[in-house]
Each structure stands twice: as C-alpha cells, then as structure tokens.
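Sequential numbering from 16 applies to the sequence shown in the numbering used here.
The beta carbon of each residue, even a glycine, is placed where N, CA and C say it ideally should be.
What follows is a single structure, written as structure tokens, with notes after it.
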Amino acid sequence: MNARLDIADAVDAANPVAADRAFIDIAGAAKTFVGQDGGAVVALEGVDLKIRRGEFVSIVGPSGCGKSTLLMLVSGLVEPTGGTIRIAGAPVTGPYTDLGFVFQTDLLLDWRSVLGNILLQCDMRGIDARKHETRAQELVNQVGLKGFESKRPFELSGGMRQRVAICRALLLDPPMLLMDEPFGALDALTREQMQIDLQTMWQRSQKTVMFVTHSISEAVFLSDRVIVMTPRPGKIRAILDVDLPRPRDLHIHETPGFSKIVHEIRVMFQDMGVIHR
Ligand SMILES: Nc1ncnc2c1ncn2[C@@H]1O[C@H](COP(=O)(O)OP(=O)(O)OP(=O)(O)O)[C@@H](O)[C@H]1O
Ligand SMILES: [Mg+2]
C-alpha cells in the first residue's frame, strides 16, 4: 500500500466525522475481467462515489454496465484492478463481513429449509444459530412467509425465494446492505409492498444501503440519491438528489416532483442510446 493511502486512512480513522461523510468511499474504482479465452472486458472505469452512513443510494444502468461488479468490489468479494474502496476509513482488502448482501440470484441451498437458509449466516460465521431463531422467525413473518419455515427452496415461487434471501441478509442486523436487484423477480404488487417495507425497515434501522435496480421509479421511490451509470465500461453519468419527503407512499408516483426526477433519468438513458425514442 502506498504512503498517501496510509496517511489518508490514519486521518479518517482518527476522525469519525470525516469517515461518516464517506462511510463507503469508492475512489477511482476500476475492474477489468480477463475471460477464459484471454479476452479482457472492462466492466468499470474511474468510479468515484462517497456514501454517507445511513444513506440510501440506488444504482441504475443498462445490463452489463458493471452494477453487480461495483457491489462485489464494495463487499471485497472481487478485487478492483484500479482505485480503492474504503469503509469507515479502512481499505477493503478482502471479504467484508459486516454487511448483508442480497445477490442478483437468490443463492439458496436446496437441501436447507427456509429457516435453515436464513440461519446459514450463523453457521458460516460460527455463531450459535439457536440464539437467532426468534429473529429469523420474526423476519419470516414480516415478509409474509409464515407457515413456510420448513419448506425447501424448490417448493417456493421466485418471489418467495427472494424474500428468504432478504431475510438472510437482515438476520444479523448488519449496518450496511448491498442489494442487487432484490425485487427483480417479484410480481408488480409484491414489489410495491416490498419497496414500502424496505423503506420502513431502513427508516427504523438507519442502515447504509446500496441498491441496484433496472427500475427508474423504484430507484427514485427508495433513494436519497440515484446514481446513473453509462453503458459498459460503466462510469457514473450523473448523481441525482431525491429531495422528496419521507416516509413516501405509493401516491408519490403521481406527484410532479417524483415525475420530474424519473423524467430526467429517462432522458439521460435516451441520450446515451440505452432507451430509444
Ligand atoms: N467473473 C467475471 N468474469 C468475466 N467477466 C465478468 C465477470 N463478472 C462480470 N463480467 C463482465 O463484466 C461486465 C459487467 O457485469 P455485471 O454483472 O457487473 O453487469 P450488471 O450491470 O450487473 O448487469 P445486469 O444488469 O445484467 O445484472 C459484463 O460484461 C460481464 O460479462
Ligand atoms: Mg447485475
């Protein structure tokens, strides 16, 4: 690690306010994948983004622009090929465990029950799962899966599976949540309900959330800020503040303030050729 970074880390670690302003600090992040055939894919290039503690940030962008890759870099599961990621002032140098990750595919284990999949968090960290059974049950009730605790994932619908994955991410009440299109597989009505429930949970818990979605209106509904990405290689095209009062209900979709931001983002995608006029 170079000297400049060492000094910056020391300053941030000693100054909680500075670290808070950039709880997640992504500086010049880049990722180039080298495929099996030796060909390189530049997934991300020069991404700079600072996220405050407790902030809800959404990332929207076309398929393949590096949204999932960006979350993977923040989680430390994938290493950047350029730039740095810091969380609370400390550089991420390996898998970061103090977070909940809802992956784009639900990654449930078919040989475990619903409760068993949620409690997997404990087994992976060597924590006594029995101490978290009550919390797991509460989460199951909250997401409307009461009665399905002992079912196996193959007995559930896509939307139900995704709700199990969300419960798993929330089980240990992590301060930070990375959510990769968590509602993509849900029917429209359940999706709206999940957006409301997520907002309520976020307002109560003040978690820092990075939320990837293809839905512009979902991003605006949920977020303090929306990050608009360009097509690959993914860069940040714009960052929009969403200064709409909270708690937001679904009628906010019908307000001029909401429509204005959705329109602005849609025009950006049209200008980039992602949506054709
Ligand atoms: N492990 C990998 N090895 C090689 N290439 C990869 C790998 N992961 C991602 N890529 C490539 O990086 C680019 C960005 O992928 P990524 O999954 O981050 O996109 P995305 O924005 O999440 O797309 P989507 O909206 O379809 O989920 C794609 O071109 C993809 O093929
Ligand atoms: Mg993705």
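The beta carbons of residue 117 and residue 280 sit about 23 Å from each other, so the pair does not count as a contact at 8 Å. Near ligand 1, meaning a Cβ closer than 5 Å to any of its heavy atoms, lie the following residues in chain order: 48, 56, 58, 78, 79, 80, 81, 82, 83, 84. Counting only residues of its own chain and dropping the five nearest sequence neighbours on each side, residue 88 has a CB closer than 7 Å to the CB of 44, 46, 95, 100.
In the three-state DSSP reduction, residue 74 falls in the strand class (E or B). The DSSP-derived three-state label of residue 97 is strand. Of the other Cβ atoms in all chains shown, 16 or more fall within 10 Å of the Cβ of residue 217; this residue is therefore buried. The secondary-structure analysis by DSSP pairs residue 55 across a beta bridge with 49.
Using a cutoff of 7 Å, the CB of residue 157 does not count as near ligand 2, since none of the ligand's heavy atoms is closer than that.
Secondary structure within the stretch 106-160: the beta strand (DSSP E) runs of 3 or more consecutive residues, fully enclosed, are 115-117 (chain order). Annotation: the continuous alpha helix (DSSP H) that includes residue 276 extends over 271-286. Short of 6 Å from the beta carbon of residue 68, and not among the five residues preceding or following it, lie these beta carbons of its own chain, in chain order: 35, 38, 223.
At least one heavy atom of ligand 2 lies closer than 7 Å to the C-beta of residue 195.
C-alpha of residue 210 to C-alpha of residue 73: approximately 13 Å in a straight line.
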